[in-house]
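Numbering (our numbering) for the sequence shown: 4 to 415.
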Amino acid sequence: MADHPNLSSKWGPQNSLPGRYGAHIRGCFVADRSRFSKMDFGPNANVVDSERRRQMLKLSFQQDEALKPVKPTPLPDRTRDRIKLQATGKLQLTPGEEYDFTSEDLQDLGEIGRGAFGAVNQMIFKRTNTVMAVKRIRSTVDEREQKQLLMDLEVVMKSNECNYIVQFYGALFKEGDCWICMELMDTSLDKFYKFICERQNQRIPESILAKITVATVQALNYLKEKLKIIHRDVKPSNILLHSRGDIKLCDFGISGQLVDSIARTKDAGCRPYMAPERIDPQRAKGYDVRSDVWSLGITLMEVATGKFPYPKWGSVFEQLYQVVQGEPPSLTTSYNGMEFSEEFVAFVNTCLIKDESNRPKYSKLLQHPFIQRGERSHTDVAAYVSDILESMANNGITPFTTNQPAECWNIE
């Protein structure tokens, strides 16, 4: 017996009824074919045959055993205890001041930032009234990875010895998410430069750019040389500023590993600051600090000119083609009506050498004339940053949340 023509025309030649029930219905037709062939459908069929036909043509919509919902197995007591333990973290506000804490010890003052992998909220640790930033990262890591991440955080907290790195106070896991408690800064370089360039129609002075460069390279070098950590996510939104003149790097180590874990399970989309050797699947290999040097070059060119150095990408494939196959961005002393020193231009273009084997590492960058000029400079960063923050407040702009996170702002 041929497949029913109406079903064939509606759902295609394979009778591909939608969903799992479609497969079950098709099974009913196949199973009953042999019985249909023995039935009398002719004009002489009697009433008994007619009733028999109706019974045999009925379709069963009862769920197969495989379709029935499985009742979850209750967690063993030991597993529940481990989850409860992981919801408790240690908070170290100063070298001699450490507390066991849970999310109940934190009072939420509202969201101050949002990115591709979570949100940052301003919170108060109620026992000491310490105000901090708490980054809540949506996590898919399993128990083993959680343990490793908490161990890594102990290493990360040693970075508190470096004045160019945001202080980390501690972390805990809550309902699968990771809460990372850190020093509260006033704004990000991402929000800062966009206000200056787009609202004030000005540019960040090169003397300030030199201080930003010194702080970032010193932070990256400290992480690599002292803690054996590679940042992996250098971009304007991860460079933070404070009105007292501090310039600090954030989001490395534990955050980077969580981001990698999430990226394995979801489409992370374009990564605008990623080096060519990290995008090209044919050149993929172990991560090297020179990939972060590339990201630093893209960051500096962006905040100096007020514009991302690549045209907007419509897809990941366009990014792969332009970054991997195309020429790298290049800054000049006269760039779109803006003037830059030869030292700054040389530093940016050195960071953006396309062949990573020729791109310098931090030790060589720290000897660059532009870095040395920045270290000798007595530029009053605190006065400049405070003035811009005041202008932002006067224009009704919060120094925190930006509507277009840096990691995806150039994608339409």
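All C-beta atoms, glycine included, are put in the ideal place defined by N, C-alpha and C.
| Under 7 Å, do Gly173 and Lys238 count as touching if we go by C-beta distance? | The residue given as residue 173 occupies position 170 in the sequence shown. The residue given as residue 238 occupies position 235 in the sequence shown. Cβ distance not < 7 Å, so Gly173 and Lys238 don't count as in contact.
| field | Simplified DSSP state of Gly248, which is helix, strand or coil | value | Within the sequence shown, residue 248 is the residue found at index 245, counting from 1. In the structure shown, Gly248 sits in coil (DSSP, three-state: anything other than H, G, I, E or B).
| query | Do Gln325 and the ligand FMN come close, with the Cβ less than 6 Å from some heavy atom? | reply | The ligand FMN is absent from the structure shown, which contains no ligand whatsoever.
| said: Once DSSP output is grouped into helix, strand and coil, what is the label at Met395? | reply: Walking along the sequence shown from the start, residue 395 turns up at place 392. Note: Met395 maps to helix in three-state DSSP.
| In whole angstroms, what is the alpha-carbon distance linking Tyr102 and Ala349? | Counted from its first residue, the sequence shown places residue 102 at position 99. Counted from its first residue, the sequence shown places residue 349 at position 346. When rounded, the distance between both Cα atoms is 48 Å.
| Those residues which DSSP pairs with Glu101 across a bridge | The residue given as residue 101 occupies position 98 in the sequence shown. Its beta-bridge partners are Gln95.
| field | Candidates Glu209, Leu96, Ala278, Asp193, of which the one nearest Thr131 by Cα | value | Position 128 of the sequence shown, counted from the first residue, corresponds to residue 131. The shortest Cα separation from Thr131 among Glu209, Leu96, Ala278, Asp193 belongs to Leu96.
| DSSP beta-bridge partners of Val123 | Position 120 of the sequence shown, counted from the first residue, corresponds to residue 123. According to DSSP, which records beta bridges pairwise, Val123 is partnered with Gly116, Lys138.
| Leaving out five residues before and five after Tyr24 in sequence, what residues of the same chain have Cβ atoms less than 6 Å from its Cβ? | The residue labelled residue 24 in the question sits at position 21 within the sequence shown. Confidence at Tyr24 is low in this model, with a pLDDT of 40, below 50, so the placement of that residue should be treated as unreliable; the coordinate-derived value is given next. Hits under 6 Å: none found.
| task | Work out the CA separation of Asp249 and Ala218 for me, nearest whole Å. | result | Taking the sequence shown and counting its residues from 1, one reaches residue 218 at position 215. Taking the sequence shown and counting its residues from 1, one reaches residue 249 at position 246. Each residue's alpha carbon lies about 9 Å from the other.
| request: Give the single residue among Val123, Tyr196, Thr133 whose Cα lies nearest to the Cα of Arg141. | output: What you label residue 141 is simply residue 138 of the sequence shown in a count that begins at 1. Of Val123, Tyr196, Thr133, the smallest CA-CA separation from Arg141 is found for Val123.
| field | According to DSSP, residues forming a beta bridge with Trp297 | value | Against the sequence shown, residue 297 aligns to sequence position 294. Beta-bridge pairing links Trp297 to no other residue.
| query | Quick one: what does DSSP say Ala385 is sitting in, helix, strand or coil? | reply | Numbered from its first residue, the sequence shown carries residue 385 at position 382. Three-state result, Ala385: helix.
| Taking C-beta to C-beta, are Val169 and Lys227 nearer than 7 Å? | By 1-based counting over the sequence shown, the position of residue 169 is 166. By 1-based counting over the sequence shown, the position of residue 227 is 224. Lys227 sits away from Val169, with the two beta carbons spaced by 7 Å or more.
| Is Tyr365 near Asn224, with beta carbons less than 7 Å apart? | On the sequence shown, position 362 is the one that residue 365 refers to. On the sequence shown, position 221 is the one that residue 224 refers to. In contact: Tyr365 and Asn224 (Cβ atoms closer than 7 Å).
| said: Going by the DSSP bridge assignment, what does Gly309 pair with across the sheet? | reply: Residue 309 sits at position 306 when you count from the first residue of the sequence shown. Answer is none; Gly309 lacks a bridge partner.
| Secondary structure of Thr190, DSSP reduced to three states | Position 187 of the sequence shown, counted from the first residue, corresponds to residue 190. Strand.
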